[in-house]
Amino acid sequence: MSRQPRAFRLDDPGVASGSVVVTDEPLDAIEAADGVIVPMGPKRRAPWVGIFLTALSGLLVLGLGLAVERLIVDLYAVAPWLGWVALVLAVVAAAAFLAIIGREFVGIWREKKIEHLREAAADVLAVKDHKGAKAIVSDLLSLYGSRASAVPGTARLMGLMDEIIDADDRLAIAERELLAPLDAQAKRAIAGAAKQVSLVTAVSPRAIVDVAFVVFAAVRLLRTLARIYGGRPGLFGFLRLAKAAFNHLAVTGGVAVGDSLLQQVLGLGLAARISAKLGEGVLNGLMTARFGLAALAVCRPLPFIREETPKIGDVAGELLSRAEAAAE
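Counting with this note's numbering, you get residues 28 to 355 for the letters of the sequence shown.
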């Protein structure tokens, strides 16, 4: 038997004594926080840790170089052609190592550029800076200039560069022409990852399989979203993005797990009428979708201006519909 809705006054003794507790629905709270622009915050510096790691890395590189040099000399003493082969292999390995380092620096540079654009856009919108808005649009065009086929709005936006347009409107046009198609790709990627996680969790026989696939799906989703918005993260760039995404998730209050969340999201009593594995699958799918929205927020080069901020229902509505159908 369900309880009938009741109204309470704020000066009611029952409310004042704490016998009536008013709580927000978790999904409503999560979706209300989705549109919040979360600054990355000042970076805490640890100079001694950095000095220690730099010195230790230098020692390791010197030791490795000395070991390689001795190996080449020893091989040359055994047979000259072995020494030359070892020298060529060492040169190839050094070139590959420099290429990897260069890729890491380029990836981190692009991530910082995207982060700077997002923060600069927030400042421009706050003070209505027309020149700043024009500079941001120019940077966006340079960021997506090599992807004109994937982002067809670049040509139309370039034709408006010399027009007199308000800062808000200029950034809104850039958002519509450049980022709206990318947002659609990102939402499809998040929805696909959420459905995959839900399905695998529902049918997998072991909890370790669930955990492994959830981690794998989160890593793949973060890389996919970064590539969609122009990022090219290497290992360290990916770790930096992952940290930013989890920070965003924590600030917006999205990390809320447990059976109570599932019951309140799906409706009171609904989780009790579906199988435990299906309920676990839906919950993991919802949390994957929530992580995807946090990753989208840190990978997108602009805050949401005129475009609607994606919500849980936009990328995981099918999961809720499936669970409701299974419960009937």
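Backbone N, C-alpha and C fix where the C-beta goes; we use that ideal spot for every residue, glycine too.
Which listed residue (the options) has its alpha carbon closest to that of residue i
{"i": "R97", "options": "G85, I78 and A117", "result": "A117"}
{"i": "E146", "options": "T336, P330 and D341", "result": "P330"}
{"i": "L168", "options": "A82, L144, T81 and L89", "result": "L144"}
{"i": "T251", "options": "A216, L226, V309 and R267", "result": "A216"}
{"i": "P219", "options": "R233, A239 and A244", "result": "A quick correction: the sequence has Gly, not Pro, at residue 219. Comparing Cα positions, the closest option is A244."}
{"i": "P208", "options": "Y103, A82, I255 and I135", "result": "I255"}
{"i": "A148", "options": "T315, P328 and T336", "result": "P328"}
{"i": "N311", "options": "G258, L226 and R333", "result": "L226"}
{"i": "K394", "options": "T228, D101 and F318", "result": "There is simply no residue 394 to check, as the chain begins at 28 and stops at 355 in what is shown."}
{"i": "G92", "options": "A201, F79 and L114", "result": "L114"}
{"i": "S231", "options": "Q212, E202, E307 and D195", "result": "E307"}
{"i": "I127", "options": "R247, L262 and L206", "result": "L262"}
{"i": "E131", "options": "E334, L266 and R333", "result": "L266"}
{"i": "D210", "options": "T336, E142 and I141", "result": "T336"}
{"i": "V133", "options": "L170, L89, W75 and A106", "result": "L170"}
Same chain only: Cβ atoms within 6 Å of residue i, ignoring 5 sequence neighbours per side
{"i": "L313", "result": "A343"}
{"i": "I135", "result": "G264"}
{"i": "I99", "result": "G110, A113 and L114"}
{"i": "Q212", "result": "I255"}
{"i": "I192", "result": "none"}
Cutoff 7 Å; reference residue i; Cβ partners in own chain excluding five residues on either side
{"i": "R197", "result": "A160, K161 and V164"}
{"i": "D341", "result": "K214"}
{"i": "V224", "result": "F240, V241, A244, N311, G312 and T315"}
Cβ-based neighbour list, residue i, same chain, cut-off 8 Å, excluding 5 preceding and 5 following
{"i": "D150", "result": "D156 and G159"}
{"i": "W111", "result": "Y103"}
{"i": "L268", "result": "E138, L249, A253, G258, P260, A322, V325 and C326"}
{"i": "E202", "result": "L329, F331, I332, R333 and E334"}
For the region 230-238 and the region 106-122, state whether three or more C-beta atom pairs, one from each stretch, are separated by less than 8 Å. Touching, no, given that fewer than three Cβ pairs across the two stretches are closer than 8 Å.
Please give me, in chain order, every unbroken run of the alpha helix (DSSP H) with length at least 4 that falls completely inside the region 228-262. Qualifying alpha helix (DSSP H) stretches, in chain order: 234-255.
Runs of 4 residues minimum, wholly inside the region 90-177: which ones carry the alpha helix (DSSP H) assignment? Fully contained in the region 90-177 are the following alpha helix (DSSP H) runs of length 4 or more, in chain order: 107-154 and 157-170.
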